[in-house]
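J.: Structure in structure tokens, see below.
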Amino acid sequence: MTSHTVIIYVLLATCISVVAATDYTVGDSDGWTIGTNYLAWASKYNFTRGDALIFNYVKGQHNVYEVTQDSFRSCDATNGTLHIYNSGIDTVNLTRATEYWFLCNIKDHCIGGMKFAINVSEPPTPPPMQPPPPAATSPPPPPPNAAVRGGVNRSYFVILLVSLWCFSFL
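Sequence positions in the sequence shown follow mature numbering (1 follows the signal peptide of the UniProt record, and there is no 0) and run -21 to -1, 1 to 149.
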């Protein structure tokens, strides 16, 4: 396998992982507010490392605390707060395959149901890339200098196309 082929495979694998990530709006169209069943909301999805949660809410009326399991169970974020978000439009990147716990720390909101836990798994591994089968017949050899230049130019062109395709998803 040539170094150009390896570069193409690495670019494709990177693109697959970038494209596979999903942004989830917490509470869907309701957003992060009182009266939404977040346990039911979270159970609809399979979260994987690389995904993101987007919390939409009225700043000052709600907040988002990422907490420990004990703080989640007790609805008391006094000692178990990992991160605090309070902008009104917060994005939480799920960078680890683990369990996450979230709650609103405004008085009585957590007890009223503004909390949920999710289990984030590793993304599925893409199937291994197979090199193309060898050609049945060999073409006549090209002139010595033309072979090197043509192969390099084609490789750069393919890398450029793959890169443009990948970045069109961002």
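Even glycine gets a Cβ: it sits at the ideal position worked out from N, Cα and C.
How would you call residue 84, buried or exposed, if buried means at least 16 neighbouring beta carbons within 10 angstroms?
T.: Label assigned to residue 84: buried.
J.: In whole angstroms, what separates the C-alpha of residue 24 from that of residue 33?
T.: Roughly 14 Å separates the two Cα atoms.
J.: Hey, out of 18, 27, 88, 19, whose CA is closest to residue 104's CA?
T.: If we check each option's Cα against that of residue 104, 27 comes out closest.
J.: On the DSSP bridge list, what partners appear for residue 155?
T.: One cannot answer for residue 155 here, as it falls past the ends of the chain, which runs -21 to 149.
J.: If you drop the 5 nearest sequence neighbours on each side, which residues of the same chain put their C-beta closer than 6 Å to that of residue 76?
T.: The residues are 28, 99, 100, 101.
J.: Quick check on DSSP: helix, strand or coil for residue 69?
T.: If DSSP states are grouped into helix, strand and coil, residue 69 belongs with the strands.
J.: Using the three-state DSSP reduction, which class does residue 19 fall into: helix, strand or coil?
T.: Three-state DSSP puts residue 19 in a helix.
J.: Specify, as a first and last residue, the run of the beta strand (DSSP E) that residue 64 falls within.
T.: It spans 60 to 64 - the beta strand (DSSP E) in which residue 64 sits, taken as one unbroken run.
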